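In this note's numbering, the protein residues as written are 2 to 314. Think of the CB as a built atom: it goes at the ideal place given N, C-alpha and C, for glycine as much as any other residue. Nothing here was measured: the structure is a model prediction, and the numbers come from that model. What follows is a single structure, written as structure tokens, with notes after it.
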């Protein structure tokens, strides 16, 4: 018998036309509504900050790979996505050097030092944002809207005030460049789900868990205005749709994604309600990123015909 009949190629056997470039392009398209609304809402300063972030990330990735004699991969658009996400997580009127430092940290320290795309243990844009928050707290937490330095809706809620939920839904509020407009972010999320780039499991589980936490421990009972203010405010929508769903730093199993979303919701609730800060999404996602290997180990399905140690088939 022909021996060729017994030769089987290595897995995976299913091929797809989807590439890193096409995925990143879809993410960029999904981010455009929030990005353009940020430009409209905050003006030229938001545009300049965004351009600096993207340029820094692309140049840093190219330079690192060139001088380290590695394949140049800037054409996959992952550096562009990192720069865009970092920009959307920054206040619009930060000095020009701050997004440069953030971009260098995101690409070199979080991404390239650990081996490049697919090897980083946390989302590069969020890692850079947390680094900037710790290093330049004052500049990262000062927000100007209509030329007036003012508190964000989350800070107002934290201080016991009330907020206009409709303004938060539309986005005409102070905040970072890309986090203010809920409707723009949801439109981007719908696009990603429709294109099957992301699953709704993580965002939905994240938001629902967080909502339950707020209702139980927020101290306002079933105050729907307070609940909506927390869901629409800060980086919850931006983080749940665009950063918690990062392929590299989120679980690949369906059950794991649900567990991941629950952990995210609980941690964000703890940081916002019990912590000193009004926000908490960035730290919640990064801490949860570190737990992904354990989540996948606990939720990875057993192969057919096999059994786990000490368990049943």
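Backbone CA spacing between residue i and residue j [nearest angstrom]
i           : j           : result
residue 209 : residue 266 : 8 Å
residue 103 : residue 244 : 16 Å
residue 274 : residue 201 : 25 Å
residue 315 : residue 264 : This structure gives no information on residue 315, because the portion of the chain shown stretches from 2 to 314.
residue 302 : residue 295 : 14 Å
residue 21  : residue 32  : 17 Å
residue 212 : residue 272 : 14 Å
residue 23  : residue 185 : 21 Å
residue 152 : residue 18  : 46 Å
residue 43  : residue 133 : 21 Å
residue 250 : residue 25  : 15 Å
residue 300 : residue 150 : 47 Å
residue 137 : residue 156 : 18 Å
residue 145 : residue 70  : 43 Å
residue 277 : residue 72  : 44 Å
residue 148 : residue 203 : 37 Å
residue 205 : residue 105 : 32 Å
residue 45  : residue 135 : 26 Å
Residues near residue i in its chain [Cβ-Cβ closer than 6 Å; skip 5 each side]
i           : result
residue 183 : 170, 233, 238
residue 118 : 79
residue 75  : 59, 62, 63
residue 174 : 154, 168, 181
residue 247 : 124
residue 188 : 34
residue 190 : 242
residue 1   : Given that the chain is displayed from residue 2 to residue 314, the structure contains no residue 1 and the question cannot be resolved.
Supposed close pair residue i, residue j - CB separation, criterion 8 Å
i           : j           : result
residue 89  : residue 36  : 7 Å
residue 178 : residue 50  : 7 Å
residue 240 : residue 282 : 4 Å
residue 242 : residue 231 : 16 Å between Cβ atoms; not a contact.
residue 172 : residue 38  : 6 Å
residue 262 : residue 207 : 4 Å
For residue i: DSSP bridge partner residues
i           : result
residue 149 : 146
Same chain, Cβ closer than 7 Å to residue i, five either side skipped, listed in chain order
i           : result
residue 125 : 83, 107, 108, 111, 112
residue 29  : 78, 81, 82, 85
residue 159 : 279
residue 95  : 50, 140
residue 218 : 270, 274
residue 47  : 39, 40, 93, 178
residue 292 : 264
residue 115 : 121, 122
residue 97  : 53
residue 143 : 92, 150
residue 9   : Summary for residue 9: the model assigns pLDDT 49, below 50, so the residue's position carries little reliability; its value from the coordinates is reported in the next sentence. Within the same chain, residue 9 has no close Cβ partners at all.
Same chain only: Cβ atoms within 8 Å of residue i, ignoring 5 sequence neighbours per side
i           : result
residue 253 : 297
residue 27  : 192, 193, 196, 198
residue 101 : 53, 57
residue 91  : 50, 54, 99, 100, 103, 130, 133, 141, 177, 178
residue 268 : 281, 284, 285, 288, 289
| said: I want to know whether the stretch 193-206 touches the stretch 58-74 - three or more CB-CB distances under 8 Å. | reply: no
| message | Tell me whether the stretch 161-169 and the stretch 219-233 touch, counting them as touching only if at least three CB pairs, one residue from each stretch, are closer than 8 Å. | response | yes
| field | Stretch pair the stretch 284-291 + the stretch 122-142: three plus CB contacts closer than 8 Å | value | yes
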